[in-house]
Every structure is written in C-alpha cells, then in structure tokens.
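To start, the structure under review is shown below, and the notes come after it.
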Amino acid sequence: MLLSMSAQRFDLKENTKPKVSGKGVYRLAIFVFLALLSMYYLWVLYLAAHPQVNTAYRTYYIDKQTLYWAKDNTQLFWPDSGVIDTSENQPFFGRKGWAVKSDSHGRELVHNGNVFFNLGAAPIHSIRVKLSLTHSITEPVYVSLDGHKQVRLLPHDLNALEATLPASQYSKGVSLHQIQLETPASLNVNQISITEVAQ
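The sequence shown begins at 21 in the numbering used here and counts up by one.
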C-alpha cells in the first residue's frame, strides 16, 4: 500500500508539467494580435483627436474655414507685397460670403466674409486694410480684426475703401488671424491690401 501511494505521488509530479498544445499557441497568438490591433486603433483615435498638421491643412480640411487649400503656403503668410488679387484662387478667403468662382474683375463678397492670414512678424504700428472695388458703392462696409471692434471702411479713391486698425487688435497668441468684412450690400472686390502703416 505504501508503495502504490508513492507511485501516485510521482505520477502527479510528472503530470504537473505544462503541456503546450497547438490550441494554446493559437489562442495566445490571437490574443497578442488583438492586443496589438487595439493599441493601433487607440493610437489612430488619439491622432484623430489631436491632429498634428500645419495651419493650411487644418483650416481647409479639418476646420473647413478657407475656400482654397494653401499647398505651398502652409502657415497662410500674407504676401510680402501686402496685396492679393481676388481673381486668383487664393487660400486666404473664407468659405462664407465669398463667391467660389471669380470673374476677370475680381470676386464677389455677399454681405459678410472672412479673410484668414498670418503676418511674418507681429505689427508694431497700425494695420491698414484696403479694398479695391470694381465699382463704387454707397452702402457702409465694416471691418474687424480677430473679432475686435468693427471699424467702418472709408472711401480712399472712387473705387477703393480703406480703414486703419490698431496693432493691439492683432492677437499674438492666435495661430491664425482673420479679418471680418460686413456690409448690407454685395461687393465685387479686385484686390485686398493688408499692410503695416510706417510711422
């Protein structure tokens, strides 16, 4: 009787060795694959919530603010000349208010619209905004910078309106600046000029 009990104990020790079966390896491989796939999709969700893209991509594709994508001007820097021709497909136009297609005379602005831009350096002096129009208008046109107080654009020439905005309205902590134009009429704009007034 004693001999048979020791044999049973010995058998138990031999049976406690883990046996690796094909089913166990298959289950472990599936578990590892699903864990890696879950981590990948969590990373994709994180990138979707916190995209690391340039300003032009963000304003056109993600925020859907601009009318055209600035492929070569990723930070939407306003041209050094200070003037843009509205008959060209410029990336500075907002989607609201501006006509999608321009004609040979410029681009139509209906009631209100935005112009998005960045300047190379924050202005020290006042900022002059000038609109060159196809024909003169009698209705008032207002402009504001980054949501600050509206200023009325005053006649500069027969077909031009102009306003000067204080440099303090140019918010330094903002990644993209915008000028809002408002009018009860519709305008046909040839050129937009944004320049710093030298004093």
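Where is the CB? At the ideal position from N, CA and C, for every residue including glycine. Model, not experiment: these values are computed from the prediction.
Under the three-state DSSP convention, the category residue i falls into
| i | result |
| --- | --- |
| G42 | helix |
| Q85 | coil |
| R115 | coil |
| Q95 | coil |
| Q189 | helix |
| S58 | helix |
| L67 | helix |
| V194 | coil |
C-alpha distance - residue i paired with residue j, whole-angstrom precision
| i | j | result |
| --- | --- | --- |
| A187 | V149 | 12 Å |
| W63 | S124 | 48 Å |
| N74 | D83 | 12 Å |
| E216 | S156 | 25 Å |
| V103 | I214 | 7 Å |
| E202 | L67 | 37 Å |
| E182 | L65 | 46 Å |
| G126 | K192 | 31 Å |
| F51 | S41 | 16 Å |
| Y77 | Q85 | 10 Å |
Buried or exposed (CB count within 10 angstroms, at least 16 for buried), residue i
| i | result |
| --- | --- |
| L173 | buried |
| Q110 | buried |
| R47 | exposed |
| I144 | exposed |
| V122 | The sequence shown places Ser at residue 122, not Val. The residue in question, S122, is buried, as its Cβ has 16 or more Cβ neighbours within 10 Å. |
| E178 | The sequence given here places Leu at residue 178; Glu does not occur at that position. With fewer than 16 other Cβ atoms within 10 Å, it is exposed. |
| L96 | buried |
Beta-bridge pairing of residue i - partner residues as DSSP gives them
| i | result |
| --- | --- |
| Y162 | R172 and E202 |
Practice problem: Give a yes or no on contact between the segment 209 to 219 and the segment 132 to 151, applying the rule of three or more CB pairs nearer than 8 Å. | Solution: yes
Exercise. Take every Cβ of the segment 193 to 207, pair it with every Cβ of the segment 129 to 142, and state whether three or more of those distances are shorter than 8 Å.
Key: yes
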